[in-house]
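In this note's numbering, the protein residues as written are 146 to 234. Beta carbons are placed, not taken as given, at the ideal position from N, Cα and C, and that holds for glycine. On a predicted model such as this, the values are computed, not experimentally measured, just so you know. Below: one structure, written as structure tokens.
In structure tokens, the structure reads:
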């Protein structure tokens, strides 16, 4: 299969790795006692819009916004997805 046809698979693996990493990071942060929590697991980095953008056109109202949460395990999950893609390509 051509490399161009594999781009959706790459995106799916990276997103899936990030989602699994985020879930594992949240679970690990909740299981560890507060004294031994790693700061990177306890306080994820949030990237996005703090307040959503709203467009009010009287007949149509549109609200746009997004936030991406990262922690250490999320980054490791994304890297694992990339490695999985190239190893089994």
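CA-CA distance, residue 209 and residue 173?
Looking up residue 209 in the chain shown gives position 64. Looking up residue 173 in the chain shown gives position 28. Between residue 209 and residue 173, the C-alpha separation is close to 32 Å.
Between the alpha carbons of residue 164 and residue 188, how many angstroms are there, rounded?
Here residue 164 is taken as the residue at index 19 of the chain shown, counted from 1. Here residue 188 is taken as the residue at index 43 of the chain shown, counted from 1. One C-alpha to the other measures close to 17 Å.
How long is the line joining the alpha carbons of residue 168 and residue 155, rounded to whole angstroms?
Counting from one through the chain shown, the residue named residue 168 turns up at place 23. Counting from one through the chain shown, the residue named residue 155 turns up at place 10. When rounded, the distance between both Cα atoms is 20 Å.
Within the continuous alpha helix (DSSP H) that includes residue 155, where are the two ends?
Here the question's residue 155 lines up with position 10 in the chain shown. Residues 152 to 176.
Assign residue 201 to one of two classes, buried (16 or more other C-beta atoms within 10 Å of its C-beta) or exposed (fewer than that).
The residue labelled residue 201 in the question sits at position 56 within the chain shown. Residue 201 comes out exposed.
What's the gap between the Cα of residue 177 and the Cα of residue 171?
Working through the chain shown from its first residue, we reach residue 177 at position 32. Working through the chain shown from its first residue, we reach residue 171 at position 26. The straight-line gap from Cα to Cα measures roughly 10 Å.
List the endpoints of the continuous beta strand (DSSP E) containing residue 215.
Taking the chain shown and counting its residues from 1, one reaches residue 215 at position 70. Unbroken beta strand (DSSP E) run through residue 215: 212 to 215.
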